[in-house]
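Quick notes on the structure that follows.
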Amino acid sequence: EPEVTQTPSHQVTQMGQEVILRCVPISNHLYFYWYRQILGQKVEFLVSFYNNEISEKSEIFDDQFSVERPDGSNFTLKIRSTKLEDSAMYFCARPKQGTSDEQYFGPGTRLTVT
Amino acid sequence: AQSVSQHNHHVILSEAASLELGCNYSYGGTVNLFWYVQYPGQHLQLLLKYFSGDPLVKGIKGFEAEFIKSKFSFNLRKPSVQWSDTAEYFCAVNGNTDKLIFGTGTRLQVFP
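Residue numbers (the working numbering), protein chains in the order written: chain W, 1 to 114; chain L, 1 to 112.
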């Protein structure tokens with residue numbers, strides 16, 4: 001099946017700056033997930049996004065986070081004012097065709113906040 | 001709340017040794033269970049999954065896992081590991097929603 005791509009692969013930003021991470025589906029998918037993995041820790045669910053609306057979000061996904069589908073194809077995760085503790089790998093994922101249970105993950109964006 | 005525990009944080013083996021990685025979950029309802037692998041510098045890839053039916057599931061690269069409902073466990077096994085199996089292994093579940101809940105991961109190092 002088509003893969004998920006993410007851009008950029010690595011982003012370095014200063015504390016307090018806004019960052020936008022992008023997830024690019026190869027085919028037209030309505031359902032997407034964002035996860036993050038702080039170095040040395042487990043992968044954590046952030047948010048699921050279906051048909052231009054948030055379907056579910058975790059307690060990590062506070063007001064500084066937002067998700068959009070700005071142009072009908074890309075999915076974005078925005079962090080408005082980054083903090084040091086936002087440094088992590090951010091993965092987007094999409095469901096396998098025909099199922100809502102199996103997910104394909106993108107290669108991730110490494111975010112470094114200095 | 002759902003949770004996943006992986007008891008082995010770091011496992012070191014020689015090639016041809018047998019592998020078993022533990023995974024226990026906490027959830028009262030029906031669950032789907034997964035093992036994902038993350039090779040160095042790569043993204044998460046699905047190794048195998050259990051939704052229903054035969055509790056012994058076989059995945060890619062010779063891996064298998066057994067779902068034991070009474071023990072809330074889904075341990076990953078491989079009879080003979082290779083150097084190329086060096087990676088981080090994550091157990092995950094989902095239940096009443098489709099979000100995945102991951103364990104903390106097990107880092108496997110295989111030496112030739």
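By construction, the Cβ of each residue, glycine as well, lies at the ideal position given by its N, Cα and C atoms.
Just measuring C-alpha positions, the residue of W:ALA88, W:PRO25, W:LEU111 sitting nearest W:ARG69 is W:PRO25. Pairing L:PHE72 with L:THR30, the inter-Cα distance amounts to about 11 Å. Assigned with DSSP and collapsed to three states, W:ILE60 falls in coil, not helix or strand. Taken through DSSP and simplified to helix, strand or coil, L:SER5 comes out as strand. Look at W:ILE38 here: in three-state DSSP terms it is coil, with no helix or strand label. Around the beta carbon of W:MET15, fewer than 16 other beta carbons lie within 10 angstroms, which makes this residue exposed. In this structure, L:LYS61 lies away from L:LEU19, with their beta-carbon atoms at least 9 Å apart.
W:SER48 sits buried, since 16 or more C-beta atoms from the chains shown fall within 10 Å of its C-beta. Considering only beta carbons, the part of the stretch 38-51 of chain L lying closer than 8 Å to chain W consists of GLN42, HIS43, LEU44, GLN45, LEU46, LYS49, PHE51, in chain order. Taking L:ASN96 as reference, the option from L:SER80, L:PRO40, L:PHE51, L:TYR89 with the minimal CA-CA separation is L:PHE51.
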